[in-house]
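Novice: Going down the list, the sequences are from chains A and B.
The first sequence begins at 78 in this note's numbering and counts up by one.
The second sequence begins at 18 in this note's numbering and counts up by one.
Note that CB positions come from ideal geometry on N, CA and C, so glycine has one too.
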Amino acid sequence: MKTVDIVERIEGEAKLICQWDKEKISDVKIQFLNFRGFEFILKDKPILDALVYTPRICGICGQAHLKATVEAIEDIYKNHNEELTLTNKAKLLREIGLNIEIIDSHIKWFYMFIMPDIVKFSNNSLEEYSALKGKKWLEASSIASETIKSLAVIAGQWPHTSYMVPGGVVSDPTLLDLVTMQNYMDQAIRFYENSLIGTNLDTYLSFNKSEDLYKVKGDLKDFITISFENGFEKIGKSYNRHLVLGDSLSFEKGKISRKLTKNIDYENIEEFTTNSFDIDKSKVSKEAYTWSKTALYANSFYETGPLSRAVVQNRSFVSDIHKHYNDSMFTRVLARMDELGFLLSKTKELIQQININEESFIKPKVSLKDFHYGIGQSSVEACRGSLYHDVEIENGIISKYDVITPTVWNLGPGIDNKLSTSQKAIVGIDSLEKAKLILRSFDVCSVCTTH
Amino acid sequence: MNNKIKKPKIVWLQAITCNGNTHSLLSANANRLKLFLDSFDLVYHPSLTTDTLLNDLLIEKNEIDFLLVEGAITSNKDFFQISDQGINEALKKLVLKSKYLIAIGSCASYGGVHQKFEQNDDICGLTDALDETDISYLTHPIINLTGCPVHPEWIFQTLFSLKEYKKVPLDEKGRPKEIYSYLAHHGCTRNEYFEWKVEAKSFGLKEGCLFYEQGCRGPMTHSNCNKILWNDVNTKTRAGMPCIGCTEFDFPRNNMLETKKNIGIPDEVPLGVTKRAYLSLAGVAKTFKIDRLNEKIIK
Ligand code: SF4
Ligand code: SF4
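Below is the structure:
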């Protein structure tokens with residue numbers, strides 16, 4: 078038996094084609110049928126214009142793309158032995174901006190994208206979570222829009238600003254601006270405490286073993302209860318291999334296959350199009366079924382995202398839960414909400430570290446147009462996982478721009494009989510509804526996946 | 018709330034988009050968003066509603082009051098399919114049931130960023146994607162709410178105005194006049210620097226205007242960004258990023274973060290000013306060396 082289902086209420090649309098055998102999914106294809114051609118759009122454009130274009134790859138993780146672009150450009154300078162000096166203030170302002178975007182995304186994701194489906198599995202009717210009307214939905218959208226104001230203070234607006242430029246950032250916040258940002262963070266922390274976890278943030282951050290799950294209250298407790306009632310801690314398991322490409326003050330890079338290593342080499346990243354469409358129709362293989370490419374690290378599939386970040390960095394609460402329940406759907410969702418708390422506290426700390434007397438921007442001495450040829454690479458942690466940009470320029474004009482988004486790692490097609498991370502997580506499941514939930518647990522963004 | 022009065026029905030369709038306009042909407046002032054949700058019936062939004070699928074809408078006969086479209090249109094099914102059909106097919110079916118058609122953002126209006134994907138040569142905005150028969154049932158010309166993304170307040174103001182007054186005056190590019198007669202320049206906190214021709218020495222400063230070096234399009238861009246502010250708190254130009262003209266027909270242009278010049282003079286001068294007039298004015302203004310404007314604001 079075969080079923081085809083359209084999944085909406087992700088960012089964009091996906092199609093889930095399941096093959097069934099004895100009431101279980103024996104094979105699954107995840108199709109993304111929209112393609113916007115950003116890598117083609119970027120070609121032949123002046124390199125600095127990439128700062129305007131790449132945020133528009135995605136309306137929800139645009140700042141991650143911006144940071145990846147600016148760092149790839151700075152890498153071009155570095156490869157020419159013209160390394161740019163960045164002040165600590167500029168570095169902080171960039172990371173804070175990105176973190177706020179992740180915070181905003183995590184709030185929206187939980188309340189708008191996953192809980193409305195999770196509550197369908199509950200024995201109680203949880204009307205408060207219903208979309209557009211429910212008290213919790215409205216509260217979450219309200220706090221998300223308040224939170225993002227703290228980014229607008231330094232970036233001018235959100236979404237779609239290009240406030241990071243090679244050499245620093247364009248803005249120069251005052252002390253009062255910083256306090257305003259802290260205030261918005263505090264508001265978000267209150268929401269996290271009062272609504273999501275029902276306890277004090279510091280208390281929560283001291284949780285370090287899976288038994289502490291019982292101490293969680295609030296809306297996250299609803300999630301935990303429903304999960305254990307339905308066995309979500311047993312489903313959605315994949316390879317349990319984790320990858321974090323980006324390095325920052327908030328996250329550590331590294332990978333776990335059997336054991337953890339902090340050594341990451343971009344040389345090990347490979348992208349394949351065996352099962353993907355090609356814009357040149359004559360090159361489309363018979364197996365092609367999606368616009369997403371396949372990304373492998375050292376020839377293997379890896380999961381990327383909040384769960385991977387937590388275990389690579391060994392944040393104790395999630396790491397212990399992970400020891401018990403592996404990379405299950407439950408762990409994956411919980412890790413994302415745990416990261417929300419972690420980032421709220423971290424980002425507040427980073428704002429406190431800013432010294433307003435430092436420069437925001439130090440003008441590069443040479444123009445990119447003066448480089449006959451240049452290459453640069455970068456990687457940052459976006460809300461959904463590791464984002465990688467790889468750019469090549471000739472006389473200041475882009476000759477090649479390659480982007481691998483987090484969702485390509487998680488949701489791209491398998492290859493050579495190897496299932497991809499999300500395929501592996503879905504195969505063996507006994508209901509379409511659960512399969513869709515597992516898909517959602519990866520925080521699907523169709524627009525990023527195909528870009 | 019009087020439940021007997023039927024709320025106008027809104028359908029939000031997503032075409033070729035980055036979802037930026039959706040997230041702009043979700044970042045609206047919370048009270049405004051709540052009032053909007055109370056006053057209209059958002060029956061379908063692919064990322065927000067849970068009960069209705071696009072397919073249901075296409076099949077059912079019911080009328081739609083406001084059809085909002087985010088993203089550019091293409092007839093090319095190889096690149097873009099939604100619920101098993103081309104986005105242009107879905108669009109046409111829905112337009113025939115709708116009273117008002119509103120383009121949400123620059124992509125839906127004119128093709129925007131997505132139109133730059135030249136390998137698919139029929140990406141365009143709503144007006145170009147539809148012909149007269151398609152739009153024959155609309156009670157109002159297509160409204161273009163440009164911006165990349167569009168400001169959420171522009172969406173609210175337009176919808177509430179239409180609900181109340183049934184029509185809004187449009188400029189020659191289909192944009193509501195009351196929003197797009199302003200320039201992004203109006204209300205920018207750097208205006209005094211602009212007047213006295215004091216340029217920002219570099220990025221990263223509170224002081225100076227971004228027109229002379231950094232490519233600011235504020236004086237040529239129709240939008241009221243600096244009048245209503247983004248996320249209630251700021252704008253790009255106030256923060257220090259040049260306006261890139263995202264509400265205009267020609268967005269995105271090339272070299273957006275620098276000012277194109279000819280023998281030291283900006284190639285394009287503020288709307289309605291001749292180059293000669295601008296030059297003599299600039300010359301005079303520059304002779305006034307106003308210390309205050311050449312120092313740090315906060316010392
Ligand atoms: S920065 Fe731009 S919008 Fe502001 S005053 Fe200068 S030209 Fe006008
Ligand atoms: S200031 Fe200019 S670039 Fe910015 S949003 Fe407004 S019109 Fe677009």
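Using only the alpha-carbon positions, how far apart do L445 (chain A) and K292 (chain A) sit?
Specialist: If I take the Cα positions, the gap works out to 54 Å.
Novice: Could you tell me which uninterrupted alpha helix (DSSP H) segments, each at least 4 residues in length, are contained entirely in the region 230 to 290 of chain B, listed from first to last along the chain?
Specialist: Here the runs fully enclosed are 242 to 245 and 253 to 256.
Novice: Does any CB atom of chain A fall closer than 8 Å to the CB of K24 (chain B)?
Specialist: K24 (chain B) does not count as touching chain A.
Novice: For a contact meaning CB atoms closer than 8 Å, what does R133 (chain A) contact in chain B?
Specialist: Within 8 Å Cβ-Cβ: C35, G37, V130 and C165.
Novice: With a threshold of 8 Å between beta carbons, is S239 (chain A) in contact with chain B?
Specialist: Closer than 8 Å to some Cβ of chain B, the Cβ of S239 (chain A) qualifies, so yes.
Novice: Are there 16 or more other CB atoms within 10 angstroms of the CB of R309 (chain B), so buried, or fewer, so exposed?
Specialist: Per the 10 Å Cβ criterion, exposed.
Novice: Within 8 Å, do at least three Cβ pairs link the region 225 to 235 of chain A to the region 323 to 342 of chain A?
Specialist: No: the two stretches stay apart, fewer than three of their Cβ pairs being nearer than 8 Å.
Novice: Does Q102 (chain B) get closer than 8 Å to chain A when you measure Cβ to Cβ?
Specialist: Not one chain A Cβ lies under 8 Å of Q102 (chain B).
Novice: I want to check one thing, is the minimum distance from the CB of G235 (chain B) to the heavy atoms of ligand 1 below 7 Å?
Specialist: Indeed, a heavy atom of ligand 1 lies less than 7 Å from the Cβ.
Novice: What span of residues does the alpha helix (DSSP H) with A302 (chain B) cover, start to end?
Specialist: K292 to T304 is the span of the alpha helix (DSSP H), which, as asked, contains A302 (chain B).
Novice: Taking only the alpha-carbon atoms, compute the straight-line gap between I515 (chain A) and V196 (chain A) and give it to the nearest angstrom.
Specialist: Roughly 14 Å between the two C-alpha positions.
Novice: Mind pulling the chain A residues with CB within less than 9 Å of G142 (chain B)?
Specialist: Going along chain A, no residue has its Cβ under 9 Å from G142 (chain B), so there is no contact; the nearest lies around 15 Å.
Novice: Where does Y154 (chain B) land, buried or exposed, given buried means 16+ other C-beta within 10 angstroms?
Specialist: Classification for Y154 (chain B): exposed.
Novice: Between the beta-carbon of K101 (chain A) and the beta-carbon of G491 (chain A), is there less than 8 Å?
Specialist: No, the pair does not count as a contact, with Cβ atoms beyond the cut-off.
Novice: Between the C-alpha atoms of L298 (chain B) and S198 (chain B), what's the straight-line distance to the nearest angstrom?
Specialist: Between L298 (chain B) and S198 (chain B), the C-alpha separation is close to 24 Å.
Novice: So within the region 147 to 233 of chain A, which uninterrupted alpha helix (DSSP H) runs reach at least 4 residues, ignoring any that extend past its ends?
Specialist: Counting whole runs of 4 or more residues, the region 147 to 233 of chain A contains the alpha helix (DSSP H) stretches 165 to 185, 192 to 195 and 212 to 232.
Novice: Spatial neighbours of C95 (chain A) within its chain, please: C-beta separation below 6 Å, excluding the five flanking residues on both sides.
Specialist: Answer for C95 (chain A): T80, I102 and V105, listed in chain order.
Novice: Applying the 10 Å Cβ sphere with the 16-neighbour rule, what's the burial state of I433 (chain A)?
Specialist: Burial call: exposed.
Novice: Ligand 1 heavy atoms versus the CB of F438 (chain A): any closer than 7 Å?
Specialist: No, since every heavy atom of ligand 1 falls outside the 7 Å radius drawn around the Cβ of F438 (chain A).
Novice: Would you mind reading off the limits of the beta strand (DSSP E) that contains W486 (chain A)?
Specialist: From DSSP, W486 (chain A) is part of no beta strand (DSSP E) but of the alpha helix (DSSP H) over P483 to L488.
Novice: Checking 8 Å against the spacing of the C-beta atoms, do C35 (chain B) and G136 (chain A) come in under that value?
Specialist: Result yes, Cβ atoms of C35 (chain B) and G136 (chain A) sit closer than 8 Å.
Novice: Starting from the N-terminal side, write out each stretch of the beta strand (DSSP E) that is 3 residues or longer and does not extend beyond the region 347 to 420 of chain A.
Specialist: Runs of the beta strand (DSSP E) inside the region 347 to 420 of chain A: 371 to 374.
Novice: Which whole-angstrom value describes the C-beta separation of L235 (chain B) and E275 (chain B), a residue pair presumed to lie in contact below a C-beta threshold of 8 Å?
Specialist: A small correction: the amino acid at residue 235 (chain B) is Gly; Leu does not occupy that position in the sequence shown. In fact, because the Cβ distance is near 15 Å, the residues do not count as touching under 8 Å.
Novice: How about the region 153 to 171 of chain B and the region 185 to 199 of chain B: do they share at least three Cβ pairs that are nearer than 8 Å?
Specialist: Verdict: yes, contact present.
Novice: Among residues of its own chain, excluding the 5 on either side of N317 (chain A), which ones have a beta-carbon nearer than 6 Å to its beta-carbon?
Specialist: Only N403 and D404 meet the Cβ criterion.
Novice: Under a three-way DSSP split, which group does Q98 (chain B) fall into?
Specialist: Three-state result, Q98 (chain B): coil.
Novice: Put C124 (chain B) into one of helix, strand or coil per three-state DSSP.
Specialist: Helix at C124 (chain B).
Novice: Measuring only the C-alpha atoms, how far is N208 (chain B) from N271 (chain B)?
Specialist: Their Cα atoms are separated by approximately 25 Å.
Novice: On a CA-only basis, which of A:S377, A:I470, A:L509 and A:G453 is nearest K495 (chain A)? Give me that one, please.
Specialist: It is A:S377.
Novice: Quick check on this structure: which residue in B:L71, B:L65, B:K190 and B:E181 has the alpha carbon closest to the alpha carbon of L111 (chain B)?
Specialist: For L111 (chain B), the nearest C-alpha among the options comes from B:L71.
Novice: Any heavy atom of ligand 1 closer than 7 Å to the Cβ of A256 (chain B)?
Specialist: No, Cβ of A256 (chain B) sits at least 7 Å from all heavy atoms of ligand 1.
Novice: Can you tell me where the beta strand (DSSP E) with I160 (chain B) in it begins and where it stops?
Specialist: Per DSSP, I160 (chain B) belongs to the beta strand (DSSP E) from I160 to L162.
Novice: Bridge partners for M57 (chain A) per DSSP, in chain order?
Specialist: Nothing can be reported for residue 57 (chain A), as the shown portion of chain A is limited to 78 through 528.
Novice: Determine, using beta-carbon pairs with one atom in the region 221 to 229 of chain A and one in the region 246 to 260 of chain B, whether at least three such pairs fall under 8 Å.
Specialist: Yes, since at least three Cβ pairs between the region 221 to 229 of chain A and the region 246 to 260 of chain B fall closer than 8 Å, the two stretches touch.
Novice: Taking CB distances under 8 Å as the criterion, tell me whether S437 (chain A) reaches chain B.
Specialist: Yes, contact with chain B.
Novice: Between which residues of its own chain and E435 (chain A) is the CB-CB distance below 6 Å, once the five residues before and five after are set aside?
Specialist: Cβ neighbours of E435 (chain A) beyond the five flanking positions: T164 and K166.
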